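**Student:** In full-length UniProt numbering, the protein residues as written are 1 to 259. Glycine is no exception: its CB is placed at the ideal position from the N, C-alpha and C atoms. Just so we're clear, the structure is a prediction, and the values are computed from it rather than from any experiment. Quick one: the structure is below, questions incoming.
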């Protein structure tokens, strides 16, 4: 399923639509979180086409999202510099995803502080070995190319770091690309799990550090790191860097750890 097939059905009017060939974007019995977040974001920007650049997003994955959906979106507040928009995905009369997007115009800075450079630079993706070939959920195998960006394998420090890029990026703007790709890796807590079991993203909150991010050949360095795991949940920090080592996204996520 191409990116266009995922976004083309979305109209400025919203409402009920159906996605075809959804099996290419499935993660278990639901749509991959990055894909459903992209749908919610696209619904927002197509409904309100005069929004300033996206600065942040808060996404709650409420329940499984299937092929037949209803898209709802509204402007919660429109100020002089900042617009806040809510968009939701509904399936069978129930909300399955709710997202809150913050858009803001650029202003004369009163504080300037660059994000710290990436630690333990893994080297360029062209020199990295392929990872997760023939493994992982359907959405990963069909839509992403993954390469190693750390020496560690198996149990250890709860950090998963990989080079990642979309196989098909045709017609996708950089912000949509980051939303689609930002949730691609398994949680860092995977390395601390005492036994294999299912995992599920509950929410995802992120700040964009660059409103026009660029990278070489579509590659982004992605890292999921568990900050704390207990009681069946993990608090994860999600970050993305470009091929020059500049951080472009900083996020947090709550993940349910089953089994």
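Output the distance between the C-alpha atoms of residue 39 and residue 100, rounded to the nearest integer angstrom.
**Tutor:** The sequence position of residue 39 within the chain shown is 39, counting from 1. The sequence position of residue 100 within the chain shown is 100, counting from 1. Distance between the alpha carbons of residue 39 and residue 100: 13 angstroms.
**Student:** Could you give the DSSP three-state label for residue 58: helix, strand or coil?
**Tutor:** Working through the chain shown from its first residue, we reach residue 58 at position 58. It is a strand residue.
**Student:** Could you check if residue 196 is buried or exposed, using at least 16 other CB atoms within 10 Å of its CB as the buried criterion?
**Tutor:** Here residue 196 is taken as the residue at index 196 of the chain shown, counted from 1. When all chains shown are included, residue 196 counts as exposed.
**Student:** Can you look up residue 33 in the DSSP assignment and give me helix, strand or coil?
**Tutor:** Within the chain shown, numbered from 1, the residue matching residue 33 stands at position 33. Three-state result, residue 33: helix.
**Student:** Three-state secondary structure (DSSP) at residue 143?
**Tutor:** On the chain shown, position 143 is the one that residue 143 refers to. In the structure shown, residue 143 sits in a helix (DSSP, three-state: H, G or I).
**Student:** What are the start and end residues of each continuous alpha helix (DSSP H) run of 4 or more residues lying completely inside the UniProt domain "Acyl-CoA thioesterase-like C-terminal" (127-256), in chain order?
**Tutor:** Here the runs fully enclosed are 138-143 and 174-181.
**Student:** For residue 7, is the classification buried or exposed, using 16 other Cβ atoms within 10 angstroms of its Cβ as the cut-off for buried?
**Tutor:** Counting from 1 along the chain shown, the entry for residue 7 is found at position 7. Under this definition residue 7 is a buried residue.
**Student:** For residue 52, I'd like the list of residues in its chain whose CB is within less than 7 angstroms of its CB, leaving aside the five on either flank, ordered along the chain.
**Tutor:** Here residue 52 refers to the residue found at position 52 of the chain shown. Around residue 52: 83, 103, 104 and 105.
**Student:** In terms of residue numbering, what span does the alpha helix (DSSP H) encompassing residue 51 cover?
**Tutor:** Taking the chain shown and counting its residues from 1, the one referred to as residue 51 is at position 51. Element bounds for residue 51: n/a, residue is neither H nor E.
**Student:** Output needed for residue 2: all residues of its chain with C-beta closer than 6 angstroms, excluding positions within five of it in sequence on either side, in chain order.
**Tutor:** On the chain shown, position 2 is the one that residue 2 refers to. Closer than 6 angstroms at Cβ, skipping near neighbours: 168.
**Student:** Going by beta-carbon coordinates alone, are residue 249 and residue 237 separated by less than 8 angstroms?
**Tutor:** As a first step, residue 249 is located in the chain shown; it is residue number 249 there, counting from the start. As a first step, residue 237 is located in the chain shown; it is residue number 237 there, counting from the start. Contact: no.
**Student:** Spatial neighbours of residue 15 within its chain, please: C-beta separation below 8 angstroms, excluding the five flanking residues on both sides.
**Tutor:** Along the chain shown, read from residue 1 onward, the residue named residue 15 stands at position 15. Only 70 and 71 meet the Cβ criterion.
**Student:** Can you grab the Cα-Cα spacing for the pair residue 190 / residue 158, in whole Å?
**Tutor:** Against the chain shown, residue 190 aligns to sequence position 190. Against the chain shown, residue 158 aligns to sequence position 158. Distance between the alpha carbons of residue 190 and residue 158 is about 7 angstroms.
**Student:** Tell me the rounded alpha-carbon separation between residue 28 and residue 122.
**Tutor:** Mapped onto the chain shown, residue 28 falls at position 28. Mapped onto the chain shown, residue 122 falls at position 122. Taking the straight line joining both Cα atoms gives about 31 angstroms.
**Student:** Expressed to the nearest angstrom, what Euclidean distance is found between the alpha-carbon atoms of residue 124 and residue 243?
**Tutor:** Numbered from its first residue, the chain shown carries residue 124 at position 124. Numbered from its first residue, the chain shown carries residue 243 at position 243. Approximately 7 angstroms between the Cα atoms of the pair.
**Student:** Closest to residue 204 by C-alpha separation, out of 4, 49 and 58, would be which residue?
**Tutor:** Along the chain shown, read from residue 1 onward, the residue named residue 204 stands at position 204. If we check each option's Cα against that of residue 204, 58 comes out closest.
**Student:** So what's residue 89 in DSSP terms, helix, strand or just coil?
**Tutor:** Your numbering for residue 89 matches position 89 in the chain shown. Three-state DSSP puts residue 89 in a strand.
**Student:** Between which two residues does the beta strand (DSSP E) carrying residue 105 extend?
**Tutor:** On the chain shown, position 105 is the one that residue 105 refers to. Residue 105 -> no beta strand (DSSP E), and no H or E assigned at all.
**Student:** Along the chain, where does the alpha helix (DSSP H) containing residue 3 start, and where does it finish?
**Tutor:** On the chain shown, position 3 is the one that residue 3 refers to. Looking at the DSSP string, the run of the alpha helix (DSSP H) that includes residue 3 is 3-7.
**Student:** Suppose you measure from the CA of residue 257 to the CA of residue 226; what does that come to, to the nearest Å?
**Tutor:** Within the chain shown, the letter at position 257 stands for residue 257. Within the chain shown, the letter at position 226 stands for residue 226. The alpha-carbon atoms of residue 257 and residue 226 are separated by roughly 12 angstroms.
**Student:** Measure the alpha-carbon distance for residue 24 versus residue 175 and round it to whole angstroms.
**Tutor:** The residue you call residue 24 lines up with position 24 of the chain shown. The residue you call residue 175 lines up with position 175 of the chain shown. Rounded to the nearest angstrom, the two C-alpha atoms are 22 angstroms apart.
**Student:** What residue from 207, 206, 187 and 147 has the CA that sits closest to residue 198's CA?
**Tutor:** One-based indexing of the chain shown puts residue 198 at position 198. Considering only alpha carbons, the answer is 187.
**Student:** Let me check one thing: in DSSP terms, what residues is residue 260 bridge-paired to?
**Tutor:** Nothing can be reported for residue 260, as the shown portion of the chain is limited to 1 through 259.
**Student:** Among 126, 127, 128 and 145, whose alpha-carbon lies nearest the alpha-carbon of residue 135?
**Tutor:** What you label residue 135 is simply residue 135 of the chain shown in a count that begins at 1. Nearest option by C-alpha distance: 145.
**Student:** Run through the DSSP bridge pairs and tell me what residue 74 is partnered with.
**Tutor:** The residue labelled residue 74 in the question sits at position 74 within the chain shown. The partner list for residue 74 (beta bridge, DSSP) reads 86.
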